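Here's the structure we're looking at; comments come further down.
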Amino acid sequence: MINVKLVIIGGGAAGMAAALGAKKNGMEDILILEYRKELGGVLNQCIHNGFGLHYFNKDMTGPEYSEEFTEKISEEEIPYYLNCTVLEVNKAKVITATTPNKGIFKIRAEAIIIATGAREKNLNSLILESSRPLGIYSAGAVQEMINKKGVCPGSKAVIVGSGDIGLIMARRMALNGVDVKAVLEISSKPSGLPRNIQQCLKDFSIPIYTNTTIVKILGNESVEKVVVANVDENLKLMPNTEREIDCDILVSSIGLIPDIDILVDGIVEGIFLCGNALKIHGLVDNVTLGGLEAGKLSAQYIINGNIKNNDSLICCCKDTEVAEKIDLAEGSKDVTIVTCILCPKGCLIHGTLDTAKIKAWGNKCNKGYNFFMEEVKEKKRIFTGSVKLNDETKIMLPVKSDRPIPQSYLIPLTKELKKYKINLPILMGDIVISNPLGIEVNIKASRSIGK
Amino acid sequence: MYDIAIIGAGAVGGFVARELSKYNLKIVIFEKELDVASGVTKGNTAIVHSGYSPKPGTIKAKLNRKAIEIFPQVCKELDISYKKTGSLLIAFNEESMEAVYKKYKRGIRNGVKSLKILTKEEILAIGPNINQNAYGALYSQDTGIVNNWDMAIAACENAIENGVILKTNEEVYKINKNKDTFYIDTEKGVYQSKVVINCAGLFSDDINNMIGIRSFKIVPKKGQYFILDKNQCSMVNHVIFLAKPENDKNTKGMIIAPTVNGNIIIGPSSQDVHNKADISTTELGLNKVKSLAKNVMPSLDFSKTIKTFAGLRPKVDFAEDEENDFIIEEDKHIGGFINVAGIKSPGLTCAPSIAIMVKDIVENILGKLQPKEDFNPYRKKAIRLNELNEGERNKKIKENPLYGKIVCKCENISEGEIIDAIRRNPNITTIKGLKIRTMAGMGRCQGGFCMCSLMEILSRKSDKQILSSDGDNNC
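Heads up: the protein sequence lines correspond to chains A and B, in order. Going from the first sequence to the numbering used here is simple: count from 1 and add 41. Going from the second sequence to the numbering used here is simple: count from 1 and add 65.
Now the structure itself:
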């Protein structure tokens, strides 16, 4: 048994922030336990951009956001164990964990921060007509396959659920040449952010069917088709609305569940929860804020010994202010509607394209006005993807373009990048490919590997 | 030339092979799927029945009684997870209580020990979550739960260890007999054997029709199930059967039971289907199971479902006046062709005793069998770190650090355990095979976190690219 004052379980966005928050508030004896082989959690497979807009005031990819924090963790010399899985946490605040080098060991902590994130709900658990054939995946699993392993599990996809992960995977699959047939949403409004509806679906002409649910998965060996049907406002199936959609992959994005089953005796005094382990957050920036707060409170708890009731649940996820209700309207002949993708607000900017005088309204800031002007001229997007490395590990290097490029280049560029193999070592921000396909753009590494 | 050709590598085929491997015989098993335990064995309730249900005098009754005697020893030899939990057959009204009494009397006649009729108070004392409206129950101490997949896997592994040849992915499509030799055509070749044993489960009628004279037809009965999260395990400590009124063909009994892995299994529904590949769950079927189970145990939390699945039972389409019994016999006209068919409940329980009965039939055909001197009755399952104490676990991790690296964090399965499973014989070539051997990917996230790693490890270790999750029909 070893004694550590503050143990943080989970080295993702929440856990790293918690460690930094605790350190900042005077806590010296900290240990992070991470079950993956590196810090960063799911951020490392979220290679798309859109992170950090609030916290860093920058548009970053998941790996970039992660690396900002891993750097700080090493600057602060906060110790962490990798490949370390916690088996249980009991009410005496004794943690049982295992690693390849240490074997099973126990740690007694004065305070514990649970930053274990969430797991995805799975389709297998639903009441559904299905033979459970090959080709059914959670969005997170497909994300890991495509982004980290460079393997795409099919060619025609249907996505169940319109949460942000589902939308982002719709785009990622479309970029990789998958024919994304549809996104199904059982409620009347998409549940993801407006900007993701725009940049993940509309940009790629992927239809979203609201008030629609999946009723059957057809195919014995592999998924062949799904049967979908409409539901009414009480989510009851509407008769005679069933229709089939061909597909060979079915991706579920039907929600996340806090993953806190290691707490065998539940939450006791001195155990703090933050990040998705506490509540499902929409933005990682808010996870970071919650983590920092959890770190601070746990430090105060250890140092001063006092804690108010309910302080152990740390959440900073004010719901994102969304400018307009998500609207799938396409505008009219006279009025063009653009969803601004620059921040999670997703302002719906209306404008008239009367050439004499372009007018726009509905934007909450000047950036939005400029975005509208650009968007009606030519859609441009930051490119994100991953490239093979010239080594044995078979890991992929996440990359992004150094400036927005015309949207129509995204798919050809994804295809082009499959030809490359990048030599190690790589530092985040290194230009790894210049002007691919003759497009004037640099492709930069989104993280450091091998340095 | 083989002495014995067994068709089908489920629990029954596996145990028959293992039993016969005790003797100096050349034995081959043909399995049409990529792995053993792929048919009826896979989608099973995994209950060890104590034997009060079969009609006295039937083969079922006889074999069930025998099975209960030998089950602990067999599971010890083959290192199969088995737990005697006891069971309650619960009635909620007077009519179904009559059925309970009838089963009690049957049990006594079948030689089942430790049967007891319980009052409502006694029921609630040992099963506090059971509906307060319980009327009475039959308690049977000998009922248990077992790892259904391992029944086939362990038996096959041990049979292979003792010289049996297993040919997976090899479907039999023709059988002829010339003089005393059977010629068995598979997609890969023609094999000769002196005896053919049909353990083909759902497809035993098709195999029988290739050569047998007695005609029968398998009409699959579909059963649908829920599996609940391990964190619900304290809800159910016994196998709970719902008693149904006598002669009531419309209502269906159902089972709520713990599993050896610590989950709760609830089901099965019962529906005749005509397609032997139809293992689809249905909304109707699952909702029926759910509402029946809610009557028995109102506090069951179905939001804790981690998986639903369906399995098929090989019901023989008997005439009205025929006893609904196992068919275990040599064909009356085609000497040397043995049918082991219609092995539905309590088929999994009876697999070891069926094997002994089949051995006796083989002995009748081939004459006294010569015991193999070096027969090894023991099979050791791959180690499960979860089942070791801390000291043993650390010793293992020191030997191989990969035992300390968890891949599936819902079930806490290490990379070392996964690699061990891949290296065993029969070989695993599918994620499904990996899942049922290690339980990796079978927990509450159903592989969301580890599927990618499982695919990678299996690709790496089996030198082929595994690109699909391989579904998990039925696990």
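Just so you know, even glycine gets a beta-carbon here, dropped at the ideal spot from N, CA and C. Fair warning: this is a prediction, and the values are worked out from it, not measured in the lab.
- Only Asp302 from the region 282-307 of chain A bring a Cβ to less than 7 angstroms from some Cβ of chain B.
- In this structure, the straight-line span from the alpha carbon of A/Asn464 to that of B/Lys149 is close to 59 angstroms.
- Within chain B, the residues whose beta carbon sits less than 8 angstroms from that of A/Glu161 are Cys510, Gly513, listed in sequence order.
- Contact annotation for B/Phe374 against chain A: Arg173 [CB-CB distance below 7 angstroms, chain order].
- A/Arg160 counts as buried, since no fewer than 16 other beta carbons sit within 10 angstroms of its beta carbon.
- Taking the CA atoms as reference points, B/Leu180 sits about 8 angstroms from B/Gly172.
- Using a Cβ-Cβ cut-off of 9 angstroms, B/Arg378 does not count as an interface residue toward chain A, since no Cβ of chain A sits closer than that to its own.
- The region 233-246 of chain A and the region 256-271 of chain A do not touch, with fewer than 3 CB-CB distances between them shorter than 8 angstroms.
- Straight-line spacing of the CA atoms in A/Ile154 and A/Tyr122 works out to 15 angstroms.
- DSSP lists no bridge partner for B/Met216.
- The C-beta of A/Leu430 comes no closer than 9 angstroms to any C-beta of chain B.
- Taking 9 angstroms as the CB threshold, B/Ala358 stays off the interface with chain A.
- Sixteen is the threshold: when 16 or more other Cβ atoms of the shown chains lie within 10 Å of the Cβ of A/Lys420, as they do, the residue is buried.
- Segment contact: the region 42-60 of chain A against the region 178-198 of chain A, fewer than three CB-CB distances shorter than 8 angstroms; contact not assigned.
- Residues Lys462, Ile463, Asn464, Leu465 of the same chain have their beta carbon placed closer than 8 angstroms to that of A/Asn431, with the five preceding and five following residues left out of the count.
- Distances from the alpha-carbon of A/Asn252 to those of A/Asn271, A/Phe413, A/Gly260 put A/Asn271 closest.
- In the DSSP assignment, B/Ile173 falls within the unbroken alpha helix (DSSP H) covering 159-174.
- Taking a Cβ-Cβ threshold of 7 angstroms, the residues of chain B close to A/Ser179 are Gly513, in chain order.
- Residue state for B/Pro121 is assigned as coil, using DSSP reduced to three classes.
- Close to B/Ala342, with beta-carbon spacing below 7 angstroms, are these residues of chain A in chain order: Asn261.
- Taking 9 angstroms as the CB threshold, B/Glu348 lines the interface with chain A.
- Within chain A, the C-beta atoms nearer than 9 angstroms to that of B/Arg458 come from Thr139, Gly144, Ile145, in chain order.
- The beta carbon of A/Glu108 sits closer than 6 angstroms to the beta carbons of Met469, Arg488 from its chain, once the five residues preceding and following it are set aside; these are given in chain order.
- Out of B/Tyr468, B/Asp337, B/Gly506, B/Asn274, the CA that lies nearest to the CA of A/Lys143 is found in B/Tyr468.
- Under the rule that a run must span 4 or more residues, the alpha helix (DSSP H) segments found entirely inside the region 384-454 of chain A read 407-418.
- Taking the C-beta atoms as reference points, A/Asn317 is found no nearer than 9 angstroms to A/Asp302.
- Taking a cut-off of 8 angstroms on C-beta distances, the region 296-310 of chain B does not touch the region 254-270 of chain B, as fewer than three cross pairs fall below it.
- A distance of 9 angstroms or more separates the beta carbons of B/Ile462 and B/Asp485.
- Residue burial annotation: B/Met504 is buried, with at least 16 other C-beta atoms found within 10 angstroms of its C-beta.
- Nearest CB-CB separation between A/Ile154 and chain B: not below the 9 angstroms threshold.
- Check the Cα spacing between A/Ser475 and each of A/Thr455, A/Ile467, A/Ser442: the tightest is with A/Ser442.
- A Cβ-Cβ contact shorter than 9 angstroms links B/Phe281 with B/Ala406.
- Legend: CB atoms of the region 66-79 of chain B lying less than 8 angstroms from CB atoms of chain A are not found in any residue.
- Residues of chain B with a Cβ closer than 9 angstroms to the Cβ of A/Lys190 are, in chain order, Cys517, Met520, Glu521.
- DSSP places A/Thr282 outside both helix and strand once states are collapsed to three, so it counts as coil.
- Distance from B/Asn213 to B/Ala111 at the Cβ level is roughly 4 angstroms; contact confirmed, criterion being Cβ atoms closer than 8 angstroms.
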